[in-house]
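Position one of the sequence shown corresponds to residue 4 (this note's numbering), numbered consecutively onward.
Idealized CB from N, CA, C, for every residue including glycine.
Encoded as structure tokens, the structure appears first; notes follow it.
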Amino acid sequence: MELTYSNQLSGFDPEKRYRNPEHFDKPEAGVTSVLVIGDWPSVVNAYEAAGIDVSVREAKRAQIVGAGSQAELEKLIAALRAEHGSIQILVDCLEAGEIHRPESGDLALRLFDLLEIIHTSVGTLTTERDGLLSTVKALREELEVLKTATIAPPTDEASEIVALKAKLDEAKVPYRANASKESLEKLVADLPKS
Numbered sequence: 004m005e006l007t008y009s010n011q012l013s014g015f016d017p018e019k020r021y022r023n024p025e026h027f028d029k030p031e032a033g034v035t036s037v038l039v040i041g042d043w044p045s046v047v048n049a050y051e052a053a054g055i056d057v058s059v060r061e062a063k064r065a066q067i068v069g070a071g072s073q074a075e076l077e078k079l080i081a082a083l084r085a086e087h088g089s090i091q092i093l094v095d096c097l098e099a100g101e102i103h104r105p106e107s108g109d110l111a112l113r114l115f116d117l118l119e120i121i122h123t124s125v126g127t128l129t130t131e132r133d134g135l136l137s138t139v140k141a142l143r144e145e146l147e148v149l150k151t152a153t154i155a156p157p158t159d160e161a162s163e164i165v166a167l168k169a170k171l172d173e174a175k176v177p178y179r180a181n182a183s184k185e186s187l188e189k190l191v192a193d194l195p196k197s
């Protein structure tokens, strides 16, 4: 099998197999020859060390319209690489669970500032959430107290209700099982005096 290593974005030959050299980590098994388009020494060296026939072709150079001199272009490329490096360091730190302010790179510094704002906002929301949770807990406890207060009448009232029901039972006067104290008192008051 022949492999072509190229970072081209178009113009692929459907009869060939392509790999992006930017993602190369080791030679693939079953490869008989390799064509490397561009300057990718790690790919070339790895396949040559594996005893595979390697040929190298120079990549087509893209003409950048509107670019200044070669020196200006190289300066722009260096700035972009530095920016990429700063962002990469920031991302690596985030993956490790830390955040450190980058030393350079406008985009990386802006990203860091935004992440700091997000971090602060999340901290504020966490504090507010915890405060709400303690408020909800206190309200639930208060609700339970109110439930028990309305379910069980005070013991003095309970004994009065039992006494009223006993008088009505003795007089053989019917009443509802869940009758209120007031209705029981009215029934007792209506009993004939003897």
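Checklist line | Continuous alpha helix (DSSP H) stretch holding L38: start and end | finding: Taking the sequence shown and counting its residues from 1, the one referred to as residue 38 is at position 35. First-last for L38: S36 to I40, but that is the beta strand (DSSP E), not the alpha helix (DSSP H).
Check: What is the DSSP secondary structure of V59, counted as helix, strand or coil?
Finding: Here residue 59 is taken as the residue at index 56 of the sequence shown, counted from 1. Here V59 sits in strand by DSSP.
Notebook entry, point to check: Can we say the stretch 85-92 touches the stretch 103-113, given the rule of at least three CB pairs closer than 8 Å?
Noted result: yes
Note to self: Counting only C-beta atoms, is V139 closer than 7 Å to chain C at any point?
What the structure shows: Absent from the structure is chain C; it holds one protein chain and no more.
Note to self: Can you look up Y178 in the DSSP assignment and give me helix, strand or coil?
What the structure shows: In the sequence shown, counting from the first residue as 1, residue 178 sits at position 175. Reduced to three states, the DSSP call for Y178 is coil.
Check: Taking the alpha-carbon positions, what's the S58 to E77 distance?
Finding: Counting from one through the sequence shown, the residue named residue 58 turns up at place 55. Counting from one through the sequence shown, the residue named residue 77 turns up at place 74. Going by the C-alpha atoms only, they are around 28 Å apart.
Checklist line | Simplified DSSP state of E106, which is helix, strand or coil | finding: Along the sequence shown, one-based indexing puts residue 106 at 103. The answer is coil: DSSP assigns E106 none of H, G, I, E or B.
Note to self: Is it the case that the stretch 26-37 contacts the stretch 47-57, given that we only count it when at least three CB pairs across the two stretches are under 8 Å?
What the structure shows: yes
Next item on the list: Within the same chain, show all residues whose beta-carbon is closer than 8 Å to that of S183, passing over the 5 residues directly before and after it, in chain order.
Entry: Indexing the sequence shown from 1 puts residue 183 at position 180. Nothing listed; no residue qualifies.
Checklist line | Span of the beta strand (DSSP E) around E5 | finding: Residue 5 sits at position 2 when you count from the first residue of the sequence shown. Residues E5 to Y8.
Note to self: Would V47 and M4 be called neighbours here (beta carbons separated by less than 7 Å)?
What the structure shows: As a first step, residue 47 is located in the sequence shown; it is residue number 44 there, counting from the start. As a first step, residue 4 is located in the sequence shown; it is residue number 1 there, counting from the start. For V47 and M4, no; Cβs fall outside 7 Å.
Checklist line | Bridge partner(s) assigned by DSSP for E20 | finding: One-based indexing of the sequence shown puts residue 20 at position 17. For the sequence presented, residue 20 should be read as Arg rather than Glu. Paired residue(s): L6.
Notebook entry, point to check: Beta carbon of A174, beta carbon of L194: below 7 Å?
Noted result: Walking along the sequence shown from the start, residue 174 turns up at place 171. Walking along the sequence shown from the start, residue 194 turns up at place 191. In this structure, L194 lies closer than 7 Å to A174 by Cβ.
Check: Between which two residues does the alpha helix (DSSP H) containing A74 stretch?
Finding: Within the sequence shown, the letter at position 71 stands for residue 74. First-last of the alpha helix (DSSP H) with A74: Q73 to E98.
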